[in-house]
Amino acid sequence: MKVNQLNTLIFKNPSQDDINKAAELLRAGKLVVFPTETVYGLGASALDETAAARIYAAKGRPSDNPLIIHLAKANDASKYADISPCYEKLADLFMPGPLTVVLPKKDCIPFSVTGGLDTVAVRVPSHPIAHKLLEAASIPIAAPSANRSGRPSCTTAEHVIEDMNGMVDAILDGGESDLGLESTILLPRGDKEVVLLRPGAITIEMLTENGFEVTLDKAVTEKPKENEKPLAPGMKYRHYAPKAQMILLDGTLDDIAEFMRQSPDDPSVAFLCYDELKSKTGNKKIINLGSVSDPLLQAHNLFHALRCVDQDDSIKTVYAPLPDQENIGLALYNRLLKAAGYTVKKL
Ligand code: TXA
Ligand code: MG
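With the working numbering applied, the sequence shown covers 2 to 348.
Here it is in structure tokens:
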């Protein structure tokens, strides 16, 4: 149950003054939600155990699921973690941006932030409001996605208000997140070898083009077994699950169009649907994902679409296309598989 206790300050299109106030709140151990280029983050000081504990309480998140720390500059990582040539190369190429790198942690980062692990995940967001906030606060900010645990990540301040109003001290409203899916998470294994723990907008193709050897952690594409601990502990939880039963359709665009045509027009059934299919499907309940040829737009729309499904109580079943695994498609594939609890119907 939600307990509304706090008078949440909401700063729309925040000025530098507003950002400075939010930075002061963070320095005082309070919770501040801020926009990033991926999704909104629920921030607190990463140096303060009590503040970190408040994040877990507000999100309703299991305490073994570690938090990413956000920094103003890639160079700052050496204060909080043991960096390596591999980190430096990744930082030169992709930071600031939608990339998180897991490194051995230094003692100043409490175990309550890392879920008891001796590593810490580091990210340098490129969103100007996130950057200004981190500069003004001049401390590392631990921030998971700003949704309640189990809900789709928040890509607008409206989503954050739905989930977190009264549970955080302030929300910086910076409009819609640009990318809409969470950052790529990498675990370096050598100078050029990295394990991909969570796919995002920094893709396998981009990494291999730059000389990295990428191994895919199997939790990205397969359901973790009972008692199995994925390298990114969060991957074992069923995230983003809509209330309706979700089923992924594995087939060509024509197969999916045919499946939709043959389904009865039933208001308890909805389809997450590409633009190209909308006109061909009779009177179906449709939630738009964007064009089949624009996976970046699909990524931008996905979490909003899942929230729309939850807002319509009459929807009991929702079908969605199983995406290709190329480029950012792998991130869509991973999020949709998890949302559907790995239920796939072969057409
Ligand atoms: O784009 C993002 O990464 C967003 C924005 C706000 O920065 N943050 C985000 O945080 O998605 P969260 O907490 O929702 O997801 C973090 C993931 C979890 O799966 C967690 O288990 C993993 O990162 N993680 C964090 N620290 C880790 C560590 N030391 N080792 C392995 N995985 C870690
Ligand atoms: Mg999350």
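In this text, a Cβ means the ideal position worked out from N, Cα and C, and glycines have one as well.
Asked                                                                                                                                                                            : Found
Confirm, please, whether the CB-CB distance from A147 to C155 is below 8 angstroms.                                                                                              : yes
What span of residues does the alpha helix (DSSP H) with P129 cover, start to end?                                                                                               : 129-138
Would the C-beta of P126 count as close to the ligand TXA, meaning under 7 angstroms from any of its heavy atoms?                                                                : yes
How would you write the range of the beta strand (DSSP E) that C274 sits in, first residue to last?                                                                              : 270-275
Pick from A242, V40, M168, K347: whose alpha carbon is nearest that of H301?                                                                                                     : V40
Could you name each continuous beta strand (DSSP E) segment of 3 residues or more that falls completely within the stretch 79-116, going from the start of the chain to the end? : 100-105
Just how far apart, CA to CA, sit K80 and A23?                                                                                                                                   : 23 angstroms
Output needed for F12: all residues of its chain with C-beta closer than 6 angstroms, excluding positions within five of it in sequence on either side, in chain order.          : D19, L173
My output table needs one value for Q6: the three-state DSSP class, helix, strand or coil.                                                                                       : coil
On a CA-only basis, which of G61, K133, L91 is nearest R149? Give me that one, please.                                                                                           : G61
What residues are listed by DSSP as bridge partners for E194?                                                                                                                    : E214
Spell out the partners DSSP gives A171 in its beta bridges.                                                                                                                      : L10, V33
According to DSSP, is K230 helix, strand or coil?                                                                                                                                : coil
Counting C-beta neighbours from all protein chains within 10 Å, is the total for K3 16 or more, i.e. buried, or is it exposed?                                                   : Residue confidence is low: K3 scores 49 on pLDDT, short of 50, so the model does not pin down where it sits. Its coordinate-derived value is still stated next. That one is exposed.
Leaving out five residues on either side along the sequence, give the residues of the same chain with a beta carbon under 7 angstroms from the beta carbon of A242.              : G151, A340, G342
Within the same chain, show all residues whose beta-carbon is closer than 8 angstroms to that of N335, passing over the 5 residues directly before and after it, in chain order. : R199, P200, V221, T222
When every heavy atom of the ligand MG is checked, does at least one fall within less than 7 angstroms of the C-beta of P145?                                                    : yes
Below 7 angstroms CB to CB, which residues in the same chain sit around V215 once its five sequence neighbours on both sides are set aside?                                      : V195, L197, I205, L208, T209
Please state whether DSSP places G252 in a helix, a strand or coil.                                                                                                              : coil
Anyone know if the C-beta pair for K286 and F304 falls short of 8 angstroms?                                                                                                     : no
Would you give the residue range spanned by the beta strand (DSSP E) that V310 belongs to?                                                                                       : It is not in any beta strand (DSSP E) - V310 instead sits in the alpha helix (DSSP H) that spans 296-312.
CB-CB under 8 angstroms to K281, same chain, minus the five flanking residues each way: which ones, in chain order?                                                              : A258, M261, R262
In whole angstroms, what is the alpha-carbon distance linking L217 and S139?                                                                                                     : 34 angstroms
Quickly, what does DSSP pair S320 with across the bridge? List them, please.                                                                                                     : This sequence places Tyr at residue 320; Ser is not what is there. Answer is I248, F272, bridged to Y320.
Whose C-beta lies closer than 7 angstroms to the C-beta of L94 among residues of the same chain, with five residues either side of it excluded?                                  : N211
Should the stretch 178-197 be regarded as contacting the stretch 98-105, the criterion being three or more beta carbon pairs within less than 8 angstroms?                       : yes
Just how far apart, CA to CA, sit I248 and V319?                                                                                                                                 : 6 angstroms
Which one of L290, E38, G252 has the shortest CA to CA distance from K279?                                                                                                       : L290
The ligand TXA and A233: does the residue's C-beta get closer than 7 angstroms to at least one heavy atom of that ligand?                                                        : yes
Pick helix, strand or coil for K60, following the three-state DSSP scheme.                                                                                                       : helix
Excluding five sequence neighbours on each side, which residues of the same chain lie with their C-beta closer than 6 angstroms to the C-beta of G283?                           : D266
I need the straight-line Cα distance from Y275 to E327, nearest angstrom please.                                                                                                 : 17 angstroms
Of the choices L27, E38, L48, P63, whose alpha-carbon is the least far from that of M236?                                                                                        : P63
Does DSSP put I203 in a helix, in a strand, or in coil?                                                                                                                          : coil
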